[in-house]
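S.K.:
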């Protein structure tokens, strides 16, 4: 559906020329959620802005449904842009307009008549679950609500493509999840093709079908998300996957799902050399179930975490925890 | 005293009101042009931008009294005479217009670049961005700019009194200063101070009231 061929974009600063995007070619299929991940400065933001020509590409072509975007006249480009919704990291809501007026904005640009606008906006408000905030101003909304308004606004013209420029980067993890769920729903129910850029591997893991990894203006790896996790081809990809490991445990381990007492042990560096787990099993009448473990490398040291389930008599469990405390291991009951 | 003060106050209000309107009519479009013709803005025209900047700087450099005398021919053409309250509106408007342009320019520049980018991404035209995005988003700041303009014009109008413009400034000089009617001078100045305070207060309140940010 979107065919990017040998796309390059350079910025000239006096006499220096800087290639933000260099020779990028990608094929994005209809109805897929395609992620572009990279560190800041990798050129991903410039790339996604080329897709609706907020940035003018220097070389190459972008063909959307058979139309070469790079050759469109200003008037035709404006028409094409209405087919491509976009959301931004900082939401870009009109601060002096209400939620309703913000969503109505693209329709007003179309000079749609008032009653039709009302019908459409009310439907969109319902879709993003913000009907009760209809008359609120952006300053009265939380980050997640602001992004929902922005999404509703981006959908107002029934676009075939939705671009997300770091759409969840300014949000906390929980809100990020809810926005990602909304994007998923949009793809599923409205068949919108979504192209998103991010620096968070979590976003890719959660909703993308395929992903391109960018570094220094180039796509260094393109893969399905599944294969990327199974067998990353580049070091950068591996590094992005590694950023996830410490986040995994919070998601899968819910204390209410376990019968025993859950504890998290933290070891710093040399502390890890003692066979503590076997010691507590031998010394106390309890069973131990290892749920997860990982090591995070910090700047100066490594921190290891172990999550255990302690099963057994309440008193014995309490004694074991006391024992661990005396062994200089940080114990946290979850 | 009142028979002197009331007509003078009315003259001042008349001069300030009309010259505010005219200076905004001239200055506001110029301010918009200054912004949109800038590099990387929505209607990039570097040459036009340079020319406008030049003209505005030159106009702003003129001492007001000299400017007044320079536009005598224009006043004559537009209102048929060169002195009097109505005639003074011409130089007042011309003097304030470049000021208005600069004030509007800086207000419009405060608008978040992100919302302009968003409007472009939705296929908005340049004129739609100006009328539906830039002006409404800058409105609280524009109101403060207009307040500033009115206060400036009260000051200018007092000076204009010196060459036959009438108004409170004229009264303070002619009766208060030259004829040693100190009480009249003090009252005139007090009224001007009250006027400035009142307008500033009102402008601040309106700006806060309409600002939803």
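Protein chains in written order, with UniProt numbering: chain S, 1 to 334; chain G, 1 to 213. Heads up, the beta-carbon is just placed ideally off N, CA and C, and yes, glycines get one too. None of these values were measured; they are calculated from a predicted model.
Mapping the DSSP letters down to three states, classify residue 27/S as helix, strand or coil.
M.R.: Strand.
S.K.: For residue 214/S, which residues does DSSP report across the bridge?
M.R.: Residue 214/S pairs with 219/S.
S.K.: Spatial neighbours of residue 148/S within its chain, please: CB distance less than 8 angstroms, with the 5 preceding and 5 following residues excluded, ordered by chain position.
M.R.: Result list for residue 148/S: 128, 129, 130, 179 and 182, in chain order.
S.K.: Counting pairs of beta carbons, one from the stretch 28 to 43 of chain G and one from the stretch 105 to 118 of chain G, are three or more of them closer than 8 angstroms?
M.R.: They touch, by the three-pair rule.
S.K.: Residue 190/S by DSSP, collapsed to three states: which one?
M.R.: Note: residue 190/S maps to helix in three-state DSSP.
S.K.: Report the rounded CA-to-CA distance for residue 13/S versus residue 42/G, giving the unit in angstroms.
M.R.: Cα to Cα, residue 13/S sits roughly 20 angstroms from residue 42/G.
S.K.: Determine the DSSP secondary structure at residue 299/S, reduced to helix, strand or coil.
M.R.: Because residue 299/S carries a pLDDT of 40, less than 50, the predicted location of this residue cannot be relied on, and the following value inherits that uncertainty. The answer is coil: DSSP assigns residue 299/S none of H, G, I, E or B.
S.K.: Provide the residue span of the beta strand (DSSP E) that contains residue 331/S, from first to last.
M.R.: Note, residue 331/S: beta strand (DSSP E), 330 to 333.
S.K.: For chain S, check one thing: does any of its Cβ atoms lie closer than 8 angstroms to the Cβ of residue 131/G?
M.R.: It does not; no Cβ of chain S falls within 8 angstroms.
S.K.: Cα separation between residue 186/G and residue 136/G?
M.R.: Roughly 41 angstroms separates the two Cα atoms.
S.K.: With DSSP run on the structure shown, which of helix, strand or coil describes residue 308/S?
M.R.: Residue 308/S falls in the strand class under three-state DSSP.
S.K.: So for residue 20/S, helix, strand or coil by DSSP?
M.R.: Residue 20/S: strand per DSSP, three-state reduction.
S.K.: Can you tell which of 264/S, 153/S and 185/S has the C-alpha that lies nearest to the C-alpha of residue 93/S?
M.R.: Of the listed residues, the one whose Cα sits closest to residue 93/S is 153/S.
S.K.: For residue 198/S, which of helix, strand or coil comes out of DSSP?
M.R.: Strand at residue 198/S.
S.K.: With DSSP collapsed to three states, give me the class of residue 28/G.
M.R.: Residue 28/G: helix per DSSP, three-state reduction.
S.K.: Compare the beta carbon distance of residue 165/G and residue 88/G with 8 angstroms and say whether it is the shorter of the two.
M.R.: In this structure, residue 88/G lies closer than 8 angstroms to residue 165/G by Cβ.
S.K.: Counting C-beta neighbours from all protein chains within 10 Å, is the total for residue 1/G 16 or more, i.e. buried, or is it exposed?
M.R.: Exposed, by the Cβ-count rule.
S.K.: Residue 139/S touches chain G at which residues, Cβ-Cβ below 9 angstroms?
M.R.: Chain G residues near residue 139/S: 212 and 213.
S.K.: Any beta-carbon of chain S closer than 8 angstroms to the one on residue 142/G?
M.R.: So no, residue 142/G is outside the interface.
S.K.: Taking DSSP as the reference, what is the three-state secondary structure of residue 56/S?
M.R.: Three-state result, residue 56/S: coil.
S.K.: Return the CA-CA distance between residue 7/S and residue 193/S, expressed in angstroms with no decimal places.
M.R.: For residue 7/S and residue 193/S, the distance between alpha carbons rounds to 20 angstroms.
S.K.: In angstroms, rounded to a whole number, what distance separates the CA positions of residue 60/S and residue 195/S?
M.R.: Roughly 19 angstroms between the two C-alpha positions.
S.K.: Compare the beta carbon distance of residue 289/S and residue 260/S with 8 angstroms and say whether it is the shorter of the two.
M.R.: A contact, by the Cβ cut-off of 8 angstroms.
S.K.: Going along the chain, which residues of its own chain have a beta-carbon closer than 8 angstroms to the beta-carbon of residue 299/S, five neighbours each way excluded?
M.R.: Residue confidence for residue 299/S is low, a pLDDT of 40 falling below 50, so the modelled location carries little weight; the figure read from the coordinates is stated next. Here the set comprises nothing.
S.K.: Under 8 angstroms: do the stretch 229 to 245 of chain S and the stretch 43 to 51 of chain S share three or more Cβ pairs, one atom per stretch?
M.R.: With a cut-off of 8 angstroms, the stretch 43 to 51 of chain S and the stretch 229 to 245 of chain S do not count as touching, because too few Cβ pairs lie within range.
S.K.: Report yes or no: is there a C-beta of chain S within less than 8 angstroms of the C-beta of residue 35/G?
M.R.: Not one chain S Cβ lies under 8 angstroms of residue 35/G.
S.K.: Would you kindly report the start and end of the unbroken alpha helix (DSSP H) that includes residue 161/S?
M.R.: No alpha helix (DSSP H) holds residue 161/S; the beta strand (DSSP E) holding it covers 161 to 165.
S.K.: With distances taken Cα to Cα, identify the nearest neighbour of residue 130/G among 31/G, 53/G and 198/G.
M.R.: Here the closest residue by C-alpha is 31/G.
S.K.: From which residue to which residue does the alpha helix (DSSP H) around residue 68/G run?
M.R.: Residues 64 to 70.
S.K.: Straight-line CA distance for residue 31/S to residue 225/S?
M.R.: The alpha-carbon atoms of residue 31/S and residue 225/S are separated by roughly 16 angstroms.
S.K.: At a Cβ cut of 7 angstroms, what residues of the stretch 77 to 94 of chain S count as close to chain G, listed as they run along the chain?
M.R.: So the close ones are 78, 79, 81, 82, 86, 88, 90, 92 and 94.
S.K.: I'd like to know whether the C-beta of residue 118/G is nearer than 8 angstroms to at least one C-beta of chain S.
M.R.: Answer yes: the Cβ-Cβ gap between residue 118/G and chain S drops below 8 angstroms somewhere.
S.K.: For the stretch 123 to 150 of chain S, enumerate the residues whose C-beta is nearer than 9 angstroms to any C-beta of chain G, in chain order.
M.R.: Per Cβ criterion, the list reads 137, 138, 139, 140 and 150.
S.K.: Select from 203/G, 205/G, 201/G and 170/G the residue whose C-alpha is nearest the C-alpha of residue 6/G.
M.R.: Nearest option by C-alpha distance: 170/G.
S.K.: So, helix, strand or coil for residue 234/S, using DSSP?
M.R.: It is coil, neither helix nor strand.
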